[in-house]
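Residue numbers for the sequence shown follow UniProt numbering, beginning at 1 and rising by one. Here the structure comes first, spelled out in structure tokens, and everything after it is commentary.
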Amino acid sequence: MFSTKVEQLIQILEKQELEAENGVASPRLYSELFAVYLYKNDLSNCRFLWKRIPQSIKDGNSELKQMHSVFVSLWNNSSVDFFNAINFEWSQNTAELMFELKEKIRNQTIDLIGKAYTSIFENVLIDMANLPENNVGEICNSLGWEVDPGSHPRLIIPKEKHAEHSINTSAQDQLFVLTEFVSFLEN
Numbered sequence: 001m002f003s004t005k006v007e008q009l010i011q012i013l014e015k016q017e018l019e020a021e022n023g024v025a026s027p028r029l030y031s032e033l034f035a036v037y038l039y040k041n042d043l044s045n046c047r048f049l050w051k052r053i054p055q056s057i058k059d060g061n062s063e064l065k066q067m068h069s070v071f072v073s074l075w076n077n078s079s080v081d082f083f084n085a086i087n088f089e090w091s092q093n094t095a096e097l098m099f100e101l102k103e104k105i106r107n108q109t110i111d112l113i114g115k116a117y118t119s120i121f122e123n124v125l126i127d128m129a130n131l132p133e134n135n136v137g138e139i140c141n142s143l144g145w146e147v148d149p150g151s152h153p154r155l156i157i158p159k160e161k162h163a164e165h166s167i168n169t170s171a172q173d174q175l176f177v178l179t180e181f182v183s184f185l186e187n
């Protein structure tokens, strides 16, 4: 539902940008479009949008500068820098998108930690996923992760989420089906 709203918003904003007087849109439009591209993880369009925005608008808008910092952190794949950059007082037009982006990146980071780490210290997890310090144990328990009791920083043993089992067929099974299909077509 939210993703379809975002797709519609992209189309509307891009059309407004193209129809802008003298080819220069308002700072509000640029910030909304930038936020939508960030949410969609469309970093290439973010980059080209940043290049299209006139320097005078960039200089006069702290929100656009902050969005660019968010973009740079995503481009460099730095979750710690991302969470530092996204903690900003966003305008009413972009606040919802930026909140949703923050939650989306947090969930992706937690999923990656579950896949990549066999153990991680509590303070590193807090920094990487921007988790509230007082809720780390509760969050880890809800994910099925083990939290070593002890002094700070505690050791956390993540468990990878088990995705629903997809039907895995072997190469031989696929080759057999393909052979049967080709022989059916030849006859």
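Ideal Cβ positions, reconstructed from N, Cα and C, are used throughout, including at glycine.
Exercise. Applying the criterion that 16 or more other CB atoms from any shown protein chain within 10 Å of the CB defines a buried residue, is residue 75 buried or exposed?
Worked result: Exposed, since its Cβ has fewer than 16 Cβ neighbours within 10 Å.
Exercise. Who are residue 147's beta bridge partners in DSSP?
Worked result: 156
For this session: Might you give, ordered along the chain, the residues of its own chain that have their beta carbon closer than 7 Å to the beta carbon of residue 28, omitting 5 neighbours on each side?
Result: 93
Exercise. DSSP on residue 120, reduced to helix/strand/coil?
Worked result: strand
Exercise. So residue 72 and residue 86 are in contact, right, with Cβ under 8 Å, and what is the actual spacing, rounded?
Worked result: Rounded, the Cβ-Cβ distance is 12 Å, inconsistent with contact.
Exercise. Pick from 121, 117, 66, 125: whose alpha carbon is nearest that of residue 106?
Worked result: 125
Exercise. For the ligand SAH, any of its heavy atoms closer than 7 Å to the Cβ of residue 72?
Worked result: For the structure depicted, the ligand SAH is absent and the ligand set is empty, with no information on it obtainable.
Problem set entry | Coarse secondary structure for residue 92, derived from DSSP in three states | Residue 92 falls in the coil class under three-state DSSP.
Problem set entry | Cβ distance (whole Å) where residue 31 is taken to contact residue 67 below 8 Å | Contact holds; Cβ gap of about 6 Å.
Problem set entry | Three-state secondary structure assigned by DSSP to residue 25 | Of the three classes helix, strand and coil, the one that applies to residue 25 here is coil, per DSSP.
Problem set entry | residue 45 (DSSP reduced to helix, strand or coil) | helix
Exercise. Smallest Cα separation from residue 133: which of 154, 21, 143, 175?
Worked result: 154
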